[in-house]
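For reference, the structure is listed below as structure tokens.
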Amino acid sequence: MKRIVLLLCLFVLGLPVFAQTDFERHNFSMNAGYAYKFASDHTSVFSNMNDKSHSDGMKHGYELEFDYDYRFHKYFSVGFKASMANFLHSVDVEVLGDDGAVADETSFSDDMNLFYVGPTFKFQLPTIAERYDIWARGTVGYMNMRNTSKQVQTETYKGDCFAYGLGVGVDYILTSFISVGLSADFLGGNISSLKAGDDSFDISSDKENIGRMNIAFGVRIRL
1 MKRIVLLLCL
11 FVLGLPVFAQ
21 TDFERHNFSM
31 NAGYAYKFAS
41 DHTSVFSNMN
51 DKSHSDGMKH
61 GYELEFDYDY
71 RFHKYFSVGF
81 KASMANFLHS
91 VDVEVLGDDG
101 AVADETSFSD
111 DMNLFYVGPT
121 FKFQLPTIAE
131 RYDIWARGTV
141 GYMNMRNTSK
151 QVQTETYKGD
161 CFAYGLGVGV
171 DYILTSFISV
181 GLSADFLGGN
191 ISSLKAGDDS
201 FDISSDKENI
211 GRMNIAFGVR
221 IRL
């Protein structure tokens, strides 16, 4: 899988050699925003997720994203995407004594990071009123997950998978070099195996869905 993604990246980076020079443009996008993870049911390895309030809390996070697009045609660009999303939630638990009073307090938490990288293909409509660019971007690539789960003890689980995504956005042109924009995109994937230290877990029948929706605002630079 990693070799396929690498070959796709090399293909994308090599396309400018055959590009139409009349439309040669370099676009860099940097975004930050809200991330929503779809999964309501989780692999049994993540025992903290059995608590519904905690599972629901883990749906919400933030994302940071970088995109590069090489515009080889007035409608089409190729490039790559790199992004990370973080989902962090904790629950405080009160332990009651025989008399019903609070005898102790404890907590459990999960801190999940999702990293994605992959080549992209972008379609862009002609600029509207000399100010607005509307576009759609598709991608396939590699997703890596790292979840630090804390209960009685702390354990870090790692996994990866093939992933895919689709996004749309609108950019407002400030100058010939700088734009600002709003985007919404989906990234999907399923983890089928996990590692924690020297231990491995086959969760192919109990996959962890790491699909998410992102809504982000950012800056675009054209060179």
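Here the sequence shown is numbered in full-length UniProt numbering, starting from 1 and rising by one per residue.
Note that the Cβ used here is the ideal one computed from N, Cα and C, for glycine as well.
Reduced DSSP category for residue i - H, G, I as helix; E, B as strand; rest coil
i    : result
S176 : coil
D41  : coil
G189 : coil
G167 : strand
K74  : coil
D110 : strand
V12  : Low confidence applies here, because V12 scores a pLDDT of 48, under 50, leaving its location unreliable; read the following figure in that light. If DSSP states are grouped into helix, strand and coil, V12 belongs with the helices.
G181 : strand
Q20  : Residue placement at Q20 cannot be trusted, given a pLDDT of 45 that sits under 50; what the coordinates show is reported in the next sentence. Coil at Q20, not helix or strand.
Residue from the options with nearest C-alpha to residue i
i           : options                : result
N85         : S149, F76, Y164, N144  : Note on identity: in this sequence residue 85 is Ala, with Asn being the wrong assignment. Comparing Cα positions, the closest option is N144.
residue 226 : G188, Y116, R71        : Missing from the structure shown is residue 226; the chain here goes from 1 to 223 and no further.
I128        : V170, G33, F66         : V170
S176        : A163, A196, L223, T148 : L223
I134        : C161, Y75, K150, Q151  : Y75
G197        : D110, N147, S109       : N147
I215        : M30, H26, R25          : M30
L174        : G218, G189, F201       : G218
K59         : S47, Q151, Y157, H89   : H89
D202        : F28, T43, K150, Y34    : T43
G33         : G181, E208, S192, R131 : G181
R131        : S179, Q124, D99        : S179
S200        : R25, V45, D111         : V45
L125        : S55, T106, E155, H73   : H73
Y172        : S205, V152, R220       : R220
V152        : F115, S205, E105, D206 : E105
F115        : A82, A136, E155, M213  : A82
F162        : E155, D111, I191, A136 : I191
Beta-carbon separation (whole angstroms), residue i vs residue j, contact threshold 8 Å
i    : j    : result
Y68  : G79  : 4 Å
G211 : L187 : 7 Å
G167 : S183 : 6 Å
S53  : V93  : Between V93 and S53 the Cβ distance is about 11 Å, and since that is not below 8 Å, they are no contact.
S109 : K158 : That pair is no contact at about 17 Å.
N209 : F38  : 6 Å
N113 : S77  : With 8 Å as the limit, N113 and S77 do not qualify as a contact, their Cβ atoms being about 28 Å apart.
Extent of the continuous beta strand (DSSP E) run through residue i
i    : result
G141 : 132 to 150
D98  : Note, D98: premise wrong, no beta strand (DSSP E); not H, not E.
I221 : 212 to 222
F201 : 199 to 202
Start and end residues, alpha helix (DSSP H) containing residue i
i    : result
D206 : Premise fails: D206 is in no alpha helix (DSSP H) and is neither H nor E.
G57  : 52 to 57
Contact between the stretch 131 to 148 and the stretch 105 to 121 (3+ Cβ pairs under 8 Å): yes
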